[in-house]
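What follows is a single structure, written as structure tokens, with notes after it.
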Amino acid sequence: MAHFPWLDPHASAITQVAALGLAAYCVLSAVRGRRRYGALVAAREADDGEFVRRHYRRAMIRQAVVTAAVLVLVAADPGLRGADVGLRLPHGGQVGRAVGWAVYLLVVLVAVGCVLRVRALRGRSVPGQRHFAALVARAGERRAAAGLSLGAGVSEELLFRGLFTAIAVQALSLHPLAAVGLLSVLFGAGHLYQGWKGMLGVALIGWAFGVIYVETGSLLVPVIVHVAVDLRALVLVPIEQVSARRAGPGVGPLSERRGRPAARRRRAPGPGGRGRPGTRP
Numbered sequence: 006m007a008h009f010p011w012l013d014p015h016a017s018a019i020t021q022v023a024a025l026g027l028a029a030y031c032v033l034s035a036v037r038g039r040r041r042y043g044a045l046v047a048a049r050e051a052d053d054g055e056f057v058r059r060h061y062r063r064a065m066i067r068q069a070v071v072t073a074a075v076l077v078l079v080a081a082d083p084g085l086r087g088a089d090v091g092l093r094l095p096h097g098g099q100v101g102r103a104v105g106w107a108v109y110l111l112v113v114l115v116a117v118g119c120v121l122r123v124r125a126l127r128g129r130s131v132p133g134q135r136h137f138a139a140l141v142a143r144a145g146e147r148r149a150a151a152g153l154s155l156g157a158g159v160s161e162e163l164l165f166r167g168l169f170t171a172i173a174v175q176a177l178s179l180h181p182l183a184a185v186g187l188l189s190v191l192f193g194a195g196h197l198y199q200g201w202k203g204m205l206g207v208a209l210i211g212w213a214f215g216v217i218y219v220e221t222g223s224l225l226v227p228v229i230v231h232v233a234v235d236l237r238a239l240v241l242v243p244i245e246q247v248s249a250r251r252a253g254p255g256v257g258p259l260s261e262r263r264g265r266p267a268a269r270r271r272r273a274p275g276p277g278g279r280g281r282p283g284t285r286p
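Every number in our numbering is 5 more than the matching position in the sequence shown, counting from 1.
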């Protein structure tokens, strides 16, 4: 394309079919991911640390498989260059835009993360955290959560902003910005377990990553910022001090998820001035 000389994919029919297969896998994974998240919520409820660790490991394996699949397709198809999927460094005027986006967004993320961390430690609710509360790392899980964040940043950017954008530009003759906009819908739908509000937020974030990718011609900044976003969500901002009633469904004692904390649920005093003691937490 005239304005995007770095993006000139000529993927083979086999690669295009494989990309379609990966898209179908994303849809299936979204449906299964909702069930997996439900199981993770139950594990949190039962304090099953082994299940949680296994959930992290399996998620990272899936991320590694997706990353490997995209890299194999690019390596095996002479019509699909690394540059076509964002595997290049910014050049010329793109360098300034890349540095500007990276510095600005990282500063914002760190600042917002610190504010939210203080809120969490003080027992106040963290906006949006309830949509993925079961994934937030607890004590002893932060290293695995960091690995999950790194894997998500690399695999999802390489797949959605890299391969899928190249195929959409070639097969559908879309402008790169239109392609990343369309794919942000699929990206948001892939987070079905977060509910419609969570999916909308993720779709908007995915669109922002796509715009940065198109402006810089490289996946470098989107990957860095994506990893930072996930680290902020899963590692930097804790959940231990957040009331389970505020943390979202499936997190915290069952008695607290059904309304007010159990220690406060007491029957009103009867005529004799005595009431039945409330249920212990």
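Beta carbons are placed, not taken as given, at the ideal position from N, Cα and C, and that holds for glycine.
Item, Value
"Sub-9 Å separation of Ala194 and Val32 beta-carbons", "yes"
"Segment contact, 8 Å Cβ cut-off, at least three pairs: the segment 55-66 with the segment 129-149", "yes"
"Bounding residues of the alpha helix (DSSP H) (the contiguous stretch that carries Glu50)", "Ala18 to Ala51"
"Status (buried if at least 16 other CB within 10 Å, exposed otherwise) for Asp235", "buried"
"Among Gly203, Arg124, His15 and Ser154, the one whose alpha carbon lies nearest that of Leu78", "His15"
"Distance between Leu164 and Ala18 (C-alpha atoms, nearest Å)", "18 Å"
"Beta-carbon proximity of Leu140 to Ala233, cut-off 9 Å", "no"
"The segment 33-41 / the segment 125-142 touching (three or more Cβ pairs under 8 Å)", "no"
"N- and C-terminal bounds of the alpha helix (DSSP H) containing Leu182", "Pro181 to Ala194"
"For Pro227, the three-state DSSP class (helix, strand or coil)", "helix"
"Euclidean distance between Cα positions of Arg102 and His231", "17 Å"
"Where Arg93 sits in the DSSP three-state scheme", "coil"
"Residue nearest to Val226 in terms of C-alpha spacing, selected from Val71, Gly158 and Leu121", "Gly158"
"Helix, strand or coil at Ala144 according to DSSP, with G and I counted as helix", "coil"
"Cβ-Cβ separation, Val71 to Ser189 (assumed contact under 8 Å), whole Å", "Contact flag wrong, Cβ pair sits at about 18 Å."
"Leu121 and Leu241 closer than 9 Å at C-beta", "yes"
"Straight-line gap, Val117 to Leu239 (C-alpha atoms, nearest Å)", "14 Å"
"Three-state secondary structure (DSSP) of Leu164", "helix"
"Inter-residue spacing [alpha-carbon to alpha-carbon] between Trp212 and Ala51", "37 Å"
"Member of Pro95, Ser178, Phe9 and Gly156 whose CA lies at the smallest distance from the CA of Arg63", "Gly156"
"Cα-Cα separation, Leu182 to Gly97", "20 Å"
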